[in-house]
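Trainee: Have a look at this one.
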Amino acid sequence: FERDLGVRLKREAFDTTIAPLYPGVRLSSRFDAPGKLFPVSDRAADVRDALLAACHRRGVEVRLNASLAGLAWEAGRGAWRLELGGWAGGKGTRDDAGARLSPPLFARRVTLATGGLSVATTGSDGTGLELAQALGLAATPTYPALTPLLGGSAAHHDLAGVSLPV
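Position one of the sequence shown corresponds to residue 1399 (our numbering), numbered consecutively onward.
See the structure below:
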């Protein structure tokens, strides 16, 4: 992010133990040093804007408000066929006769970022996993990994952002 996209990052540290309320409970981190990486600006939009600018510079076509409804390799074309649909629960939009509304796109390369099953209204509904499996790719069974606990008590405010291996 820093070298290629110009987004300066900071690592937010946190204590590896919580005391005295939870003695012996340790927090985990996906990074070598404790903490998570964030843009120095604390604006997620800066990361999004830098990624979109890099895509634009490289001629990447970005399609919004569409879902990938089909993906297949067409050897005769030497390209991937992508069938798009408007967002309709991840399955694509069809007309009354059942035909897809968007004409297919063709690409020499495809990056399939499947997401999970966490928030169907944002597109994370499992369609990407189904497409990967239809191509013969192995998919690791999904399970809940991040579960927000919501509560209104001020007594729990100090626990905001705490992660525990459970």
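All residues carry an ideal CB built from backbone N, CA and C; glycine is no exception.
For residue 1483, is the classification buried or exposed, using 16 other Cβ atoms within 10 angstroms of its Cβ as the cut-off for buried?
Mentor: Along the sequence shown, read from residue 1 onward, the residue named residue 1483 stands at position 85. Classification of residue 1483: buried, given that the 10 Å Cβ count is 16 or more.
Trainee: For residue 1466, which of helix, strand or coil comes out of DSSP?
Mentor: On the sequence shown, residue 1466 is found 68 positions in, with the first residue counted as 1. Looking at residue 1466 - three-state DSSP - the assignment turns out to be strand.
Trainee: Identify the residues that DSSP records as bridge partners of residue 1437: which are they?
Mentor: On the sequence shown, residue 1437 is found 39 positions in, with the first residue counted as 1. Partner(s): 1407.
Trainee: Check whether the Cβ atoms of residue 1407 and residue 1435 sit closer than 7 angstroms, and answer yes or no.
Mentor: Sequence index remark: in the sequence shown, residue 1407 carries index 9 (1-based). Sequence index remark: in the sequence shown, residue 1435 carries index 37 (1-based). Yes, these two residues count as a Cβ contact at 7 angstroms.
Trainee: Less than 7 angstroms between the beta carbons of residue 1515 and residue 1540, yes or no?
Mentor: Along the sequence shown, one-based indexing puts residue 1515 at 117. Along the sequence shown, one-based indexing puts residue 1540 at 142. Against a cut-off of 7 angstroms, the Cβ pair of residue 1540 and residue 1515 comes out as a contact.
Trainee: Just to confirm, is the Cβ distance from residue 1462 to residue 1480 under 7 angstroms?
Mentor: On the sequence shown, residue 1462 is found 64 positions in, with the first residue counted as 1. On the sequence shown, residue 1480 is found 82 positions in, with the first residue counted as 1. No.
Trainee: Which residue or residues does DSSP assign as beta-bridge partners of residue 1504?
Mentor: Walking along the sequence shown from the start, residue 1504 turns up at place 106. Looking at the DSSP assignment, residue 1504 forms a beta bridge with 1479.
Trainee: Considering only residues of the same chain and omitting the five flanking positions on each side of residue 1500, which have a CB-CB separation below 7 angstroms?
Mentor: For the purposes of this step, residue 1500 is taken as the residue at position 102 of the sequence shown. Hits under 7 angstroms: 1464, 1482 and 1483.
Trainee: Determine the extent of the alpha helix (DSSP H) in which residue 1452 is found, giving its start and end residues.
Mentor: Walking along the sequence shown from the start, residue 1452 turns up at place 54. Where residue 1452 is concerned, the enclosing alpha helix (DSSP H) stretches over 1442-1455.
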